[in-house]
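Right, one structure below, let's go through it.
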Amino acid sequence: MTETDETYRNGDETKISYYHAHIYYGDDDAVREKAARLREKAWNKWPGQVRMGRFRDTAVGPHPQAMYQIEFDPDLFPEIVPWLMYNRDDLTILVHPDAEDAFKDHDWYPFWMGEKLDLRLEFLRAGGRQA
Ligand code: ZN
86 MTETDETYRN GDETKISYYH AHIYYGDDDA VREKAARLRE KAWNKWPGQV
136 RMGRFRDTAV GPHPQAMYQI EFDPDLFPEI VPWLMYNRDD LTILVHPDAE
186 DAFKDHDWYP FWMGEKLDLR LEFLRAGGRQ A
């Protein structure tokens, strides 16, 4: 890894305000059902601590497939991330921080569970904040 790569990847993690876990289900009804069950389980486990996004049945913003998001504060990270690892039921999940720059949050710092999808990053390069 070159010095430039290091610079490219490094940032200040103390600026993270919250996280999103995006749960993708695409256009398969059975997968959507699975995603709905995960959503309900997470809601029942952390009522009032997770902020649930609605089902977005068409691709929106940088997200290439239908999905919903779970928003949570940094103090829940050590609980909810392992829980997602063990309960995701083969769903594809993107976890990204929300800090200061939506492009970096989605392209530099996120991690994936399952299949890594190609985000539509052009939605974020212009400085958009959505999703
Ligand atoms: Zn997001």
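Numbering-wise, the sequence shown is residues 86 to 216 according to our numbering.
Cβ atoms here follow ideal geometry from the backbone N, Cα and C, with glycine treated the same way.
Worksheet item: Among the residues of its own chain, which have a CB less than 6 Å from the CB of H105, if the five just before and after it don't count?
Response: Q154, E156 and H181
Worksheet entry | 8 Å Cβ cutoff met for R210 and P149 | no
Worksheet item: Taking all protein chains shown into account, do 16 or more other C-beta atoms lie within 10 angstroms of the C-beta of T143, making it buried, or fewer, making it exposed?
Response: exposed
Worksheet item: On the three-pair Cβ rule with 8 Å, is the region 118-136 touching the region 166-183?
Response: yes
Worksheet entry | DSSP-derived helix/strand/coil call for V116 | helix
Worksheet entry | Exposure of M152, with buried meaning 16 or more beta-carbon neighbours within 10 Å | buried
Worksheet item: Quick one, are the C-beta atoms of D96 and W197 less than 8 Å apart?
Response: First, the amino acid is wrong: residue 96 is Gly here, not Asp. No.
Item to complete: Would you tell me roughly how many angstroms separate the C-alpha atoms of K201 and L179, rounded to the nearest one?
Response: 8 Å
Practice prompt. Determine, using beta carbons only, whether W131 and L161 come nearer to each other than 8 Å.
Written response: yes
Item to complete: Consult DSSP for P163 and reduce its assignment to one of helix, strand or coil.
Response: helix
Worksheet item: So which of Q134, E118, P163 and D190 has the shortest CA-CA distance to E98?
Response: D190
Fill in: Close beta carbons around Y109, own chain, < 6 Å, minus the five adjacent residues each side
Q150, M152 and T177
Worksheet item: Would you say Q154 touches the ligand ZN, meaning its beta carbon is less than 7 Å from a heavy atom?
Response: yes
Worksheet item: Opposite V180 in the DSSP bridges: which residues?
Response: A106 and F196
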